[in-house]
Structures are given as structure tokens and as C-alpha cells.
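Note that the numbering used here gives residue 188 to position 93 of the sequence shown, counting from 1, and the numbers run on in steps of one. A virtual CB, placed ideally from N, CA and C, is assigned to each residue, including glycine.
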Amino acid sequence: MLPDLKTPLLWVLGLGLVAALATAGIERTRAAGARADLASEKADRAKDNTARAMAALADLQRVLALVANHAKTQQENVNAFETRLKVLADRGRAIAADRDRVRKQYDDFAARDRDQAATDPAACQRVADRSAVLAAMAARSRELLEGGRLLVEGRDNEVQLLLDTVSNDRALFAPP
């Protein structure tokens, strides 16, 4: 008689089925673990992206504050420059009036010398000529001196504006 092959075959099939189910369970557990790892990684990436976005926003706010402060300081520098220019222009007008007054005083002095020189023509004519020349030279010297002062102060004003601008620009580009 032949041995009954059905029973060992059923046992082998049963063991194969159990092994297949165990393998499927293991794979399913691995897949669930991989999905959990992937979800965790996605959450970590989202946190990193949020942190980077917040850092970029903070940096943008800092830069905007720096630019606004730079613009405000630059406007203050320009306003101060224009104020100093107005002061210099006013001083220039005052100097011109003073120059005209001194020139008139020298002219009056020279005219008085010429009038007095009428009594002693030879000696007094030299004094009158000399005083007229001195008056013209003094007036011209004063005019040149005051003009030079205004020119130097105007250049100083421009240099100060440029220095303030450079300082302001350096502050804008300074590392945080």
C-alpha cells in the first residue's frame, strides 16, 4: 500500500501558508514602519522649512529696518547740508554788504584826502593817490579773503555731507 500523500502535502501547504502569512505580516510591519519614518521625516523637513522661512523673515525685517534708518539718516544729512548752504548764502550776502560799506568808507576817505590836498597840491596829491590805491587794494583784499573763506566753508560743507553719506552707507552694509 502506498503511503497517504495527502497528509504531508497538507502539512507542507499549511506550513507554506503560515510562512507566507508571516512574511506578509513582517512586510506589512516594515511598510508601516517605513511610512512612520517617512511621516516623521516629512514633519522634520516641514519644521526645518518653517525655521528657515522664519529666519528669512527676521532677516528681511532687519534689512528693511536698516534701509529705513539709512534713508532717514540720509535725509537728515541732506537737510543739514541745505541748512548750512543757506547759512553760507546769508553770510555771503552779509559779507557783500560789509564789503560795499568798507569800499564806500575807503572811497570817502580818499575823497576827503583829495579835498584836503587842494591846499598843498604837490605833497597832498601823493597822499591822495596813495590813499586811493590803498583803499582799492584793501577793499579787494577783504573781498578776496571773505570769498575764500566762503569757498572753503562751502567745500567743508560738501565734504561733511559726503563723509556723513559714506558713514551712513557703511552702517547700512555693516554685518549684523
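| Check | Outcome |
| --- | --- |
| Validate contact between the segment 226-237 and the segment 196-210 using beta carbons, cut 8 angstroms, 3 pairs | yes |
| CB contact flag (Q169, T260, <8 angstroms) | yes |
| For A227, three-class secondary structure by DSSP | helix |
| Spatial distance of V247 from R186 (CA atoms) | 13 angstroms |
| Distance between beta carbons of L161 and N273, contact taken as under 8 angstroms | Because residue 273 is not part of the residues shown, which for the chain are 96 to 271, the question remains open. |
| Proximity below 8 angstroms, CB of V197 to CB of R237 | yes |
| Beta-carbon separation (whole angstroms), P270 vs R157, contact threshold 8 angstroms | Rounded, the Cβ-Cβ distance is 11 angstroms, inconsistent with contact. |
| Closest residue to L258 among N172, V222, L110 (Cα-Cα distance) | N172 |
| Nearest residue (CA-CA) to V182, options G249, G109, N263, I121 | G249 |
| Among R188, M232, A175, the one whose alpha carbon lies nearest that of Y201 | M232 |
| CB contact flag (L194, E241, <8 angstroms) | Reading off the sequence, residue 194 comes out as Arg, not Leu. In this structure, E241 lies closer than 8 angstroms to R194 by Cβ. |
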